[in-house]
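In my numbering, the protein residues as written are 3 to 762.
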């Protein structure tokens, strides 16, 4: 008896109600997780959007800072356009040198074809050079619209430079030339002077982040050029930071200015940035730097210049505040899961302790130990334990009864199997009856019995009677009594005969009718229960099947023997008898010829008589060989053919030759067919060919096997024989069933060759 503790416990209903908060806790955890995920995604999107907007504003600021330079260059171009000739334009340009000093790469005057007319400051190396092939310059000369060039090797020092191109229009509106203001790119920034100014601004930015918005030109050290423009636009803020960088690029993705000086004049290496530039619109993406860090890259076009601004910032630095907050949320979420989980664990342990007791008892019952369970609780589990104990007691009783039934059924099946194994291998009807009767007597515990087999003739009583033990009366009387006791329905019956003798009658039947009976003499008032009587019927069925098979085998053997006798008689009559009859006729004729003195004619008759006798002898040997039942065992085809030659052809005086060249095993079905072909062909040689020699070749090649049977006999016309020959037709049929080919070659006086070829 299994017991649990005696501590008071709440009712199971209260326990189940306490579990109802678990779904709520799951929902709360799911909601908290979704909120945390949404917070992280929204924060990331806001950070990226903030960086993208900052880049767009900075690009806008750069565009605004470019406008004064563009306006100044346009005013100078307007002054040069009305000049009468190129010389006058060159003179006017040199007069404006001071005004255009912020173009540190110089200012070039081009004619309508893009050829350099002059530069300020003067650089004779550039005179008469053709700049018209440059994209920005050719676009301005062809369309008359101001443009900005990509990075290219032109300017005073012929280093990488960028230019602002302004068209010169005549009074008729025709483009007569262009004015190019050039910013030089040197030493990784724009120039040594600009780098110094940039470092000064970066130093000021370290102290005052809003310096670039409020500083005046006097505070910037009087520097000129594109660097001042970028400082005013706030680009230096990125150059002064170790976690961020900014790049001014042209429309081809070549760096005009950037935090990494070694990239100036080169394309940005990252494919993601090139794709962002190719779109040409404000955009942002997350990418990995060459060092493997997560970065946020933003792009914004700068007005109508064709240039763009790219900013890159370390994602970890940008997202750090949100990450710290996420850590706090994760800690709160963990506490929200662990604390309820601890409470639930303790509660489940208290609840499942009685259930564990029931589970342990269930396992013991499953193992065959039918224990009882008692729970000192005041809830539904106590009722469950009571029902379990009742079920265990009931199962124990049923299990004992089932074991007894299984033992009885096993004995019955073993008996039935023994009977089946014993009688199924016997083909003699008396032995079948004796074996079946012995099994029946052993099963019912009797000492005496009788088995009768029905006659197959014209109403005879029984042909076969087998008895075991000393019978109290004649077996004929017992057979008659058992016939009267049978109920005619094919079921076993127990009948009480005169004198108090009890007899068990088991009919033996087949689908065609009654075969006989098994009878066992039992003690007086003996009874068989219904289950054992059903098993007796099964024994009778097994014996019936075996007896039917034995009787059928006897009849089949008799029919086969009769057919073989008829075949031998027919063959003897058709071959040997005819030959012997011919011998007798020639013998009488020879006697008459000798009596009349015709010796030469008598000698000819004797030769024919000798041939006929030899033919009869060969036919007799062939019939004897066939009567012995020639067979071809698997893998011994060559031996079987040689045995046939030795028994028939050699004894008939025919010269034989067998050549075998088989490299691998042949399928048994193919061997049987080839042996049949060889036998049939040799039969024709003995009976019809009148040959003196026969050659057989058996060979294999390429997965096929060939058999050739050739003789030097009198030959025949194959076309005429195919129309009525049974033997050759059977050869054709058997070989074609195996997918092979048959070829018969013969002619009168030239012998015969039978060739077959099949797959091995």
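Note that CB positions come from ideal geometry on N, CA and C, so glycine has one too.
Quick caveat, the model's predicted, so the values are computed rather than measured.
Local conformation of residue i per DSSP, three classes
| i | result |
| --- | --- |
| residue 531 | coil |
| residue 151 | coil |
| residue 696 | strand |
| residue 444 | helix |
| residue 543 | helix |
| residue 296 | strand |
| residue 509 | strand |
| residue 189 | Any reading at residue 189 needs caution, since the residue's pLDDT is 48, under 50, leaving its predicted position unreliable; the model's value is listed next. Coil, per DSSP. |
| residue 423 | helix |
| residue 180 | strand |
| residue 652 | coil |
| residue 503 | coil |
| residue 279 | helix |
| residue 521 | strand |
| residue 754 | strand |
| residue 748 | strand |
| residue 140 | helix |
| residue 635 | coil |
| residue 760 | strand |
| residue 83 | coil |
| residue 124 | coil |
| residue 266 | strand |
| residue 344 | helix |
| residue 256 | strand |
| residue 497 | strand |
| residue 1 | Residue 1 cannot be examined here, being either before or after the span of the chain that is shown, 3 to 762. |
| residue 432 | helix |
| residue 8 | Annotation note: pLDDT 43 at residue 8 (below 50); position unreliable, coordinate value reported separately. DSSP places residue 8 in coil when its eight states are reduced to three. |
| residue 713 | strand |
| residue 408 | helix |
| residue 672 | helix |
| residue 99 | coil |
Assigned exposure category for residue i - 16 Cβ within 10 Å defines buried
| i | result |
| --- | --- |
| residue 191 | At residue 191 the pLDDT is 39, less than 50, meaning the model places this residue with poor confidence and gives no usable figure here. |
| residue 555 | exposed |
| residue 253 | buried |
| residue 607 | buried |
| residue 763 | Absent from the structure is residue 763, since the part of the chain shown begins at 3 and ends at 762. |
| residue 605 | exposed |
| residue 91 | buried |
| residue 174 | exposed |
| residue 401 | exposed |
| residue 103 | exposed |
| residue 743 | exposed |
| residue 299 | buried |
| residue 468 | buried |
| residue 416 | exposed |
| residue 70 | exposed |
| residue 123 | exposed |
| residue 348 | exposed |
Same chain, Cβ closer than 7 Å to residue i, neighbours up to 5 away in sequence not counted
| i | result |
| --- | --- |
| residue 387 | 360, 375, 376 and 377 |
| residue 272 | 289 |
| residue 161 | 155, 186, 187 and 188 |
| residue 339 | 31 |
8 Å contact criterion, which residue i and residue j should meet: CB distance rounded
| i | j | result |
| --- | --- | --- |
| residue 335 | residue 38 | 7 Å |
| residue 675 | residue 701 | Residue 675 to residue 701, Cβ: 16 Å. No contact. |
| residue 321 | residue 310 | Actually they are not in contact, since the Cβ atoms of residue 321 and residue 310 sit about 25 Å apart, beyond 8 Å. |
| residue 647 | residue 660 | 6 Å |
| residue 684 | residue 672 | The Cβ separation is near 19 Å, so there is no contact. |
| residue 658 | residue 758 | Actually they are not in contact, since the Cβ atoms of residue 658 and residue 758 sit about 19 Å apart, beyond 8 Å. |
| residue 549 | residue 431 | 6 Å |
Proximal residues to residue i (C-beta, below 8 Å), its chain only, five neighbours per side dropped
| i | result |
| --- | --- |
| residue 290 | 296 and 297 |
| residue 257 | 153, 249, 250, 251, 265, 266, 267, 268, 269 and 270 |
| residue 137 | 151 and 152 |
| residue 72 | 148, 166 and 168 |
| residue 276 | 255, 269 and 270 |
| residue 410 | 533 |
| residue 308 | 138, 149, 150, 152, 252 and 253 |
Close beta carbons around residue i, own chain, < 6 Å, minus the five adjacent residues each side
| i | result |
| --- | --- |
| residue 516 | 456 |
| residue 184 | 105, 107, 108, 157, 163 and 165 |
| residue 218 | With a pLDDT of 39 at residue 218, under the threshold of 50, the predicted position of this residue should be treated as unreliable, though the coordinate-derived value follows. Taken in chain order, the list of residues that qualify is empty. |
Closer than 7 Å to chain C by CB, residue i
| i | result |
| --- | --- |
| residue 126 | Given the protein chain composition of this structure (a single chain), no chain C is represented. |
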